[in-house]
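Structure first, then comments.
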Amino acid sequence: MNGLAKLCFRVSEAAAPSVANLLMERVGPGLEQRDGDTLAAPPLGTVELVVWVPEPDVAAHVEHVQRLVASLAQLDAAPDTLSWETEAVPTEDWWEAYKQSFRSMRIGRHFVVRPSWDTELTATPGDRVIELDPGMAFGTGGHASTRLALSALERLDQRGQLPGSVLDVGCGAGILALAAAKLWPESYTQAIDDDPIAVRVCQENVARNQLGERITVTQQAAATITGSYDLILANLSLEVLTNLKAVLTKALSPTGRLVLSGLLAEQAAAVARQYSADLALETEYSEEDSGWRSLLLRRHA
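What the sequence shown shows, in this note's numbering, is residues -13 to 287, in sequence order.
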């Protein structure tokens, strides 16, 4: 059967941020979180984390779950906080269900993220509307790590920062690249991802927002970045941010800013120290949201 495997993990609220981070590292950013604030709420005190992977074979799903559970055992969550189930979902059924769950949302002060199938949220003067169809397993702005990155962009804008060049590393659906282009009409943005599907989805969203002349999207490994940028956006995992620290810093202009997100709150301080000690970057600003933390870095004055 052509479809997807739906993997649903039920964990304690305390363990949810760590488990979510691990799931994103292992299966990508397509993660749905269900808690007491969502329509499909799990039992009190628990959080459901749902991911979809394009492998319909049941045996492959079971093996995949077993590997995840072995990794989860390394976390501080007690074994009895975790349960899971596997369900095969035809692609068309998943897509229709996803369209029902992903609606227009307001993020930060002025960002409105709106899919093509939902026009109910009316923009107000001063809003930056991002038309975004994420495709399968690509970010929409609902996750805390993306909200934090968008918040950092708004903070830079409020301070009067005018980056002439922007680099979005691991662009996914392109929400950060689009947001930067909306904030700074005179800027040029380069969006890169090593996943060809992500590149295609991002290109479609760039065209949807009529920003093709100001955003270039390429399939490229982050390790091969060249050039110099005034603002670099990296909403990635701890491992990737650690491995790319020299590459990202080399690509940062002398007066540039580097936004790091995708970090759990307890991971951020160590990452900030690494970038400071090894690469002479200092933390200009840091923000926390739902157990996640972002860093806004600059070169030492």
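Note that beta-carbon positions come from the ideal geometry of N, C-alpha and C, so glycine has one too.
CB contact flag (residue i, residue j, <9 angstroms)
{"i": "Ala159", "j": "Leu134", "result": "no"}
{"i": "Ala220", "j": "Asp180", "result": "no"}
{"i": "Thr269", "j": "Leu250", "result": "no"}
{"i": "Gln19", "j": "Ala1", "result": "no"}
{"i": "Gly248", "j": "Val233", "result": "no"}
{"i": "Gly150", "j": "Asp104", "result": "no"}
{"i": "Val155", "j": "Leu230", "result": "yes"}
{"i": "Ala(-9)", "j": "Ala109", "result": "no"}
{"i": "Leu283", "j": "Leu244", "result": "yes"}
{"i": "Val33", "j": "Glu(-1)", "result": "yes"}
{"i": "Thr175", "j": "Ala184", "result": "no"}
{"i": "Leu35", "j": "Arg89", "result": "no"}
{"i": "Leu136", "j": "Ile161", "result": "yes"}
{"i": "Asn191", "j": "Lys168", "result": "no"}
{"i": "Ile178", "j": "Gln206", "result": "yes"}
Nearest-angstrom Cα separation, counted from residue j out to residue i
{"i": "Ser102", "j": "Arg114", "result": "16 angstroms"}
{"i": "Thr228", "j": "Trp38", "result": "26 angstroms"}
{"i": "Pro120", "j": "Val187", "result": "7 angstroms"}
{"i": "Pro65", "j": "Arg92", "result": "Confidence is the limiting factor: at Pro65 the pLDDT is only 41, short of 50, which leaves the residue's position unreliable, though a coordinate-based value still follows. Approximately 37 angstroms between the Cα atoms of the pair."}
{"i": "His96", "j": "Gly112", "result": "7 angstroms"}
{"i": "Trp170", "j": "Ala237", "result": "20 angstroms"}
{"i": "Ser4", "j": "Ala258", "result": "19 angstroms"}
{"i": "Gly242", "j": "Arg285", "result": "7 angstroms"}
{"i": "Leu107", "j": "Leu164", "result": "19 angstroms"}
{"i": "Glu172", "j": "Leu139", "result": "15 angstroms"}
{"i": "Arg141", "j": "Arg100", "result": "22 angstroms"}
{"i": "Asp264", "j": "Ser214", "result": "19 angstroms"}
{"i": "Thr204", "j": "Ile116", "result": "20 angstroms"}
{"i": "Gly146", "j": "Glu273", "result": "19 angstroms"}
{"i": "Ile201", "j": "Gly31", "result": "43 angstroms"}
{"i": "Asn126", "j": "Ser262", "result": "The residue you asked about is not Asn; residue 126 is Thr in the sequence shown. If you take the alpha carbons of Thr126 and Ser262, they lie about 31 angstroms apart."}
{"i": "Gly128", "j": "Leu222", "result": "15 angstroms"}
{"i": "Leu148", "j": "Pro182", "result": "30 angstroms"}
{"i": "Ala255", "j": "Tyr271", "result": "12 angstroms"}
{"i": "Asp199", "j": "Ile218", "result": "At residue 199 the sequence reads Glu, which differs from the Asp that was named. Each residue's Cα considered, the two are about 19 angstroms apart."}
{"i": "Ala193", "j": "Gln253", "result": "36 angstroms"}
Other residues of its chain near residue i: CB distance less than 6 angstroms, five sequence neighbours each side excluded
{"i": "Ile211", "result": "Val233 and Ala237"}
{"i": "Gly94", "result": "Leu136, Ser137 and Glu140"}
{"i": "Leu246", "result": "Ala220, Leu227 and Leu281"}
{"i": "Thr235", "result": "Leu265"}
{"i": "Gln189", "result": "Val203"}
Chain-order list of residues whose beta-carbon lies under 7 angstroms from that of residue i (same chain, five-residue window excluded)
{"i": "Trp278", "result": "Pro3, Ala130, Ser131, Leu134, Leu249, Leu250 and Ala251"}
{"i": "Glu71", "result": "Cys(-6)"}
{"i": "Ala266", "result": "Arg285 and His286"}
{"i": "Gln260", "result": "Thr228 and Lys231"}
Beta bridge counterpart(s) of residue i as assigned by DSSP
{"i": "Thr32", "result": "Ser(-2)"}
{"i": "Thr269", "result": "Leu283"}
{"i": "Ser151", "result": "Tyr174"}
{"i": "Thr72", "result": "Leu(-7)"}
{"i": "Glu274", "result": "Arg279"}
{"i": "Trp38", "result": "Lys(-8)"}
{"i": "Ile93", "result": "Phe97"}
{"i": "Arg114", "result": "Phe97"}
{"i": "Leu289", "result": "Because the chain is modelled from -13 through 287, residue 289 falls outside the range shown and cannot be assessed."}
Any C-beta of chain B under 9 angstroms from that of residue i
{"i": "Ser276", "result": "Protein chains in the displayed structure number just one, and chain B is not present."}
Beta-carbon contacts of residue i that lie in its chain and below 8 angstroms, excluding the five residues immediately before and after
{"i": "Ser276", "result": "Pro3 and Ala130"}
{"i": "Val98", "result": "Ser90, Met91, Arg92, Leu107, Ala109, Asp113, Arg114, Val115 and Ile116"}
{"i": "Asp240", "result": "The question names Asp, but residue 240 in the sequence shown is Pro. Within the same chain, Pro240 has close Cβ partners Arg285."}
At 4 residues or longer, and completely inside the region 175 to 254: list those alpha helix (DSSP H) runs for me, N to C. 182 to 194, 224 to 229 and 231 to 236
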